[in-house]
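**Student:**
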Amino acid sequence: MQVGVLGVATTKFGELWGVSPRQLVRQVVTEALAQSRLELKDIEALYVGNMLSGILGGQENLGALFASELRLTCPAFKIEGACASGGLAFYNASLAVRSGVFKNALVVGVEKMTDHKPEEAAMGLMGAGSDSERQAGATFPALYALMARVHMQKYGTSEEEMAAVAVKNHYHASLNGKAHFLNQITLEQVLKSPQIADPLKLLDCSPISDGAAAAVISSGLPKSIKPIWIKGAGVATDSLGLDRRADLTSLNSAIAAAKTAYREAGITPKDIDIAEVHDCFTIAEIMALEDLGFYEKGKAGKAVLKGETTLGKGKLTVNTSGGLKACGHPVGATGVKQVAEIVTQLRGEAGKKQVTGAKIGLAHNVGGTGAVAVVHIFSS
Amino acid sequence: MLSPVKLWRNQKYTRELLGKSGKVVSFTVIRVPPAGFESQAPYPVVLVDLGGRLQIGQLVDVQAHQIRTGLRVRAVIRRVRQPDPEGVIPYGVKFKPVV
Chain A
1 MQVGVLGVAT TKFGELWGVS PRQLVRQVVT EALAQSRLEL KDIEALYVGN MLSGILGGQE
61 NLGALFASEL RLTCPAFKIE GACASGGLAF YNASLAVRSG VFKNALVVGV EKMTDHKPEE
121 AAMGLMGAGS DSERQAGATF PALYALMARV HMQKYGTSEE EMAAVAVKNH YHASLNGKAH
181 FLNQITLEQV LKSPQIADPL KLLDCSPISD GAAAAVISSG LPKSIKPIWI KGAGVATDSL
241 GLDRRADLTS LNSAIAAAKT AYREAGITPK DIDIAEVHDC FTIAEIMALE DLGFYEKGKA
301 GKAVLKGETT LGKGKLTVNT SGGLKACGHP VGATGVKQVA EIVTQLRGEA GKKQVTGAKI
361 GLAHNVGGTG AVAVVHIFSS
Chain B
1 MLSPVKLWRN QKYTRELLGK SGKVVSFTVI RVPPAGFESQ APYPVVLVDL GGRLQIGQLV
61 DVQAHQIRTG LRVRAVIRRV RQPDPEGVIP YGVKFKPVV
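Going down the list, the protein sequences come from chains A and B.
My numbering puts the first residue of the first sequence at 1, with every later residue one more than the last.
My numbering puts the first residue of the second sequence at 1, with every later residue one more than the last.
#1: What is the rounded straight-line gap between the Cα of G312 (chain A) and the Cα of V336 (chain A)?
#2: Please tell me whether G301 (chain A) has its Cβ less than 8 Å away from any Cβ of chain B.
#3: Report yes if the C-beta distance between A197 (chain A) and G234 (chain A) is below 8 Å; otherwise report no.
#4: When DSSP builds the beta bridges, which residues end up paired with I79 (chain A)?
#5: Let me make sure I understand the geometry here. Which of B:H65, B:R9 and B:G57 has the alpha-carbon closest to that of I77 (chain B)?
#6: I'd like to confirm the pairing. Which residues does DSSP put opposite V318 (chain A) in its beta bridges?
#7: Using a C-beta to C-beta distance shorter than 7 Å, which residues of chain B count as neighbours of M113 (chain A)?
#8: Please report how far the alpha carbon of G211 (chain A) lies from the alpha carbon of L24 (chain A), in whole angstroms.
#9: Taking C-beta pairs closer than 7 Å, name the residues in chain A that S83 (chain B) reaches, listed in chain order.
#10: Kindly indicate which residue of A:H329, A:G301 and A:I377 has the alpha-carbon position closest to the one of S158 (chain A).
#11: The beta strand (DSSP E) with P118 (chain A) in it runs from where to where?
#12: For the segment 168-199 of chain A, which residues have a CB atom closer than 8 Å to at least one CB atom of chain B, in sequence order?
#13: What is the rounded straight-line gap between the Cα of L289 (chain A) and the Cα of D84 (chain B)?
#14: Contact check, P330 (chain A) vs F13 (chain A) under 8 Å by CB: the rounded distance?
#15: Using a threshold of 8 Å, state whether the C-beta atoms of H172 (chain A) and T356 (chain A) are closer than that.
#16: Between the segment 32-57 of chain A and chain B, which residues of the former have CB atoms less than 7 Å from a CB of the latter, in chain order?
#17: Just curious, the beta strand (DSSP E) that R72 (chain B) is in, first and last residue?
#18: Just curious, the beta strand (DSSP E) that T10 (chain A) is in, first and last residue?
#19: With DSSP as the reference, identify every bridge partner of G92 (chain B), one or two as the case may be.
#20: Given L47 (chain B), which residues of its chain have a CB within under 6 Å of its CB, disregarding the five upstream and five downstream residues?
#21: Can you confirm whether the segment 207-226 of chain A touches the segment 83-97 of chain A when touching is taken to mean that 3 or more C-beta pairs between the two stretches lie within less than 8 Å?
#22: Where does I342 (chain A) sit, in a helix, a strand or coil, going by DSSP?
#23: Strictly below 8 Å CB to CB, what residues from chain B border D243 (chain A)?
#24: Between P34 (chain B) and the ligand SAM, is there a pair consisting of the residue's CB and a ligand heavy atom that are separated by less than 7 Å?
#25: Based on the DSSP secondary-structure assignment, which residues constitute the bridge partners of H364 (chain A)?
#26: Got a sec: which bits of the segment 331-362 of chain A sit with their beta carbon under 9 Å from any beta carbon on chain B, in order along the chain?
#27: Closest Cβ-Cβ distance between R9 (chain B) and chain A: below 8 Å?
#28: Could you work out which residues of chain A lie near R31 (chain B), taking near to mean beta carbons separated by less than 8 Å?
#29: Would you identify the three-state DSSP class for G241 (chain A), choosing helix, strand or coil?
#30: Distance, Cα to Cα, G351 (chain A) vs G177 (chain A)?
#31: Under 8 Å between the Cβ atoms of V372 (chain A) and G81 (chain A)?
#32: Quick check on the DSSP output: the beta strand (DSSP E) that includes S218 (chain A) runs from which residue to which?
#33: With 16 other CB atoms within 10 Å as the buried threshold, where does V115 (chain B) fall?
#34: For C205 (chain A), does the three-state DSSP call read helix, strand or coil?
#35: Assess, as a yes-or-no matter, whether the segment 22-42 of chain A is touched by the segment 125-145 of chain A under the definition of 3 or more beta carbon pairs within less than 8 Å.
#36: Under 8 Å between C-beta atoms, does G70 (chain B) make it to chain A?
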């Protein structure tokens, strides 16, 4: 069955101390439904992507919580897969619509992180890691730093190449009014920013953010709306802990998820015009560009430094939203925001950050250090 | 939050690792720690190749300039983190350089 995305929305990402998760969700649902020309009564199932509401906020049962907030009594589910929660919620909703059980499903990704101290947020996020990683006092910047160092040794990847990812994504975010950071930065600023977990510096890292995003998936396509089609999808998993991996310079889950999605879509990496990839840290974008087949191992960092993936420069534009680095990373919302950005681009409605003639887009969302990855391919 | 039962159950993994030695394959220094580790920061964390299997852990008894890939280290027992006010003290594996 052909399934499409009818409407999408995101809130402003950032430190939203005056706004509750309920308000964030109401806002994106209202916008996404209006764009879909649907009403709440047309929604047959709700999928909520969220990671930290239990460990940080003491609140679980989010399916029912947000359904009742929206005055819905339909089936509702919380989907958790660390920072891939949003992408996995979208995946599950689209499966349900493809199965024919539901005609219209609503996906919401939401996270409220800045109400808590950095140490608490880091502890909560480490729930996505393994026992031995927690015992080591590791954090996600540290785990990606361990991968970055091996990538640097094996492929000669430089701190400057990693910094170029942050510079590009801040430039894209400066064109996105909803991004957490609207300021452009320079290579020098990244390289001189304080160390967080060597060799990763402050400006190599995505921020702790609040935000929400929504998407409406449907098999019933009104003539008045041009849907964006879901052409392929893949999910794959790997060990929770880095110390059980065969390779520290690739995420095997991302490679496998991408393979499934490309096969289902009947396309190759060369066909992709735009990609939203999971740049929780700058090294993660470099690994993603390689894992997704856009560049050979060891070549992606050099390509980013040359500007090949910057808006208006090359064949493939990456992270027009600003990515996790600069648009912000409210973890449960991120995967849904990626979909929202791709859909908006493919409709030609992305404003100043529009990629001219974009027809096929890819979203790549990762949980943990690659314990789970989800890849979606969309076309206009 | 720290369950004494879980700590007791996981002791077998600690016993398996103690005394084993290997080489550092990657390292970092954590400057922004998770809750429970504030008093130790900044501290190095290493991935160690114990002869065919990797193990992650903190590196202790080391000067900053000594940390490098290839460094030979050995698994030792140390207090892991700050315990809860009335909880058990969690012990586990950390690594120290082999001299």
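A virtual CB, placed ideally from N, CA and C, is assigned to each residue, including glycine.
**Tutor:** Checking against the coordinates, here is how it stands:
#1: 24 Å
#2: no
#3: no
#4: A:G49
#5: B:G57
#6: A:A275
#7: Within 7 Å Cβ-Cβ: nothing; M113 (chain A) doesn't reach chain B, min ~14 Å.
#8: 7 Å
#9: The residue you asked about is not Ser; residue 83 (chain B) is Pro in the sequence shown. By Cβ distance, chain A contributes nothing, its closest Cβ being about 13 Å from P83 (chain B), past 7 Å.
#10: A:G301
#11: It is not in any beta strand (DSSP E) - P118 (chain A) instead sits in the alpha helix (DSSP H) that spans P118 to L125.
#12: P194, Q195, I196, A197, D198 and P199
#13: 43 Å
#14: 6 Å
#15: no
#16: none
#17: R72 to R79
#18: G4 to T10
#19: B:R78
#20: V25, S26, L54 and I56
#21: yes
#22: helix
#23: L47, R53, L54, Q55 and I56
#24: Inclusion of the ligand SAM in the displayed structure is not the case, the ligand content being empty and no account of it being possible.
#25: A:V375
#26: none
#27: no
#28: P194, Q195, I196 and A197
#29: coil
#30: 10 Å
#31: yes
#32: G211 to S218
#33: The structure shown does not extend to residue 115 (chain B), since chain B is modelled only from 1 through 99, so no value can be given for it.
#34: strand
#35: no
#36: no
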